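**Q** Residue numbers (my numbering): 8 to 256. Each residue gets a CB set at the ideal place from its N, CA and C atoms; glycine is no exception. What you are looking at is a predicted structure, and each value in this text was computed from that prediction instead of being measured. Supplied in structure tokens, the structure appears directly below.
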Ligand code: UDP
């Protein structure tokens, strides 16, 4: 698609969003910056933006095939995703299939406990308040969404979870948990935005149980980019690798 990139309209911890010459489309640039612990731990890892852009693109395509609306249009140059422009809802929607991470610090679950019914948790995306956990009444009182919208978000999220879990399992990856964000498109539909990458999910190798995500960075391990590259090579078909210009570095 012939598109002209305009000015920067949003800069987050790991992505920048640019306007384009088409008012309903933006370009999302995935950067190499990586942060953890409420932004306290920071680094820049070569190729991270590239791997996250191709992993997110593939997973958005898998979801689109199941009829789930996403912001994704196409991957342009390396690390740049042409997307529908969304008005983002400041909710971090976290789905948990297995107990890990902050859940274990807050509640007496057993480490690696498997949830037969996935847990959906919504946090308020607000750095000043350190992303506190919400309930429906607080979300509604803060005007973040209506009850009907919260129910719709939960319904779409469960479908996203079952689709991703099945797809990733077929590629040898256990989907432990993940965070997604939604926004409204120009017709006020609720659409999946942001990214689905090893920065925002916990992925374990089914065979070895090795961690293949940002937990490696959180824990100060080496080989973070090797893990992101491994996820890319596990989920992409040869045809995807060609389309996305997969770099085996
Ligand atoms: N997550 C995220 N951004 C956040 C908080 C969580 O992408 O600001 C993801 C995280 O990578 C994990 C899931 O959501 O896959 C659950 O995270 P958790 O609440 O366990 O927090 P953490 O232990 O990562 O601080």
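Measure the beta-carbon distance from residue 245 to residue 62 and round it to whole angstroms, keeping in mind my assumption that it falls under 8 Å.
**A** Not really, about 16 Å apart at Cβ, beyond 8 Å.
**Q** Within 8 Å: the Cβ of residue 186 and any heavy atom of the ligand UDP?
**A** Residue 186: yes, Cβ under 8 Å from the ligand UDP.
**Q** Report yes if the C-beta of residue 217 is less than 8 Å from at least one heavy atom of the ligand UDP; otherwise report no.
**A** Every heavy atom of the ligand UDP is 8 Å or more from the Cβ of residue 217, so no.
**Q** Can you have a look at residue 121 and say buried or exposed, based on whether 16 or more other CB atoms are within 10 angstroms of its CB?
**A** Label assigned to residue 121: exposed.
**Q** Starting from residue 164, trace the alpha helix (DSSP H) in both directions and tell me its first and last residue.
**A** 154-177 is the extent of the alpha helix (DSSP H) around residue 164.
**Q** Work out the CA separation of residue 242 and residue 180 for me, nearest whole Å.
**A** Whole-angstrom Cα-Cα distance: 9 Å.
**Q** Under 8 Å from any heavy atom of the ligand UDP, does the C-beta of residue 109 make it?
**A** It does: the Cβ of residue 109 is within 8 Å (strictly closer) of some heavy atom of the ligand UDP.
**Q** Would the region 20-28 and the region 41-55 be scored as touching if the rule is three or more Cβ pairs under 8 Å?
**A** Yes: at least three Cβ pairs fall under 8 Å.
**Q** Return helix, strand or coil for residue 38, following the three-state DSSP convention.
**A** Residue state, collapsed to three classes: coil.
**Q** For the candidate residues 45, 16, 82 and 187, whose alpha-carbon lies nearest to that of residue 171?
**A** The shortest C-alpha separation from residue 171 is found at 187.
**Q** For residue 71, collect the residues of the same chain with a Cβ closer than 8 Å to its Cβ; drop the 5 residues on either side in sequence, then sort them by chain order.
**A** Cβ within range, chain order: 77 and 79.
**Q** In the DSSP output, which residue or residues are listed as bridge partners for residue 25?
**A** DSSP, once it has assigned bridges, lists 15 and 34 as partnering residue 25.
**Q** To the nearest angstrom, report how far apart residue 226 and residue 9 are at their CA atoms.
**A** Cα to Cα, the separation comes out at about 42 Å.
**Q** Identify the residues that DSSP records as bridge partners of residue 77: which are they?
**A** Residue 77 pairs with 199.
**Q** Give the range of the alpha helix (DSSP H) segment to which residue 239 is assigned.
**A** Segment 231-242, the alpha helix (DSSP H) holding residue 239.
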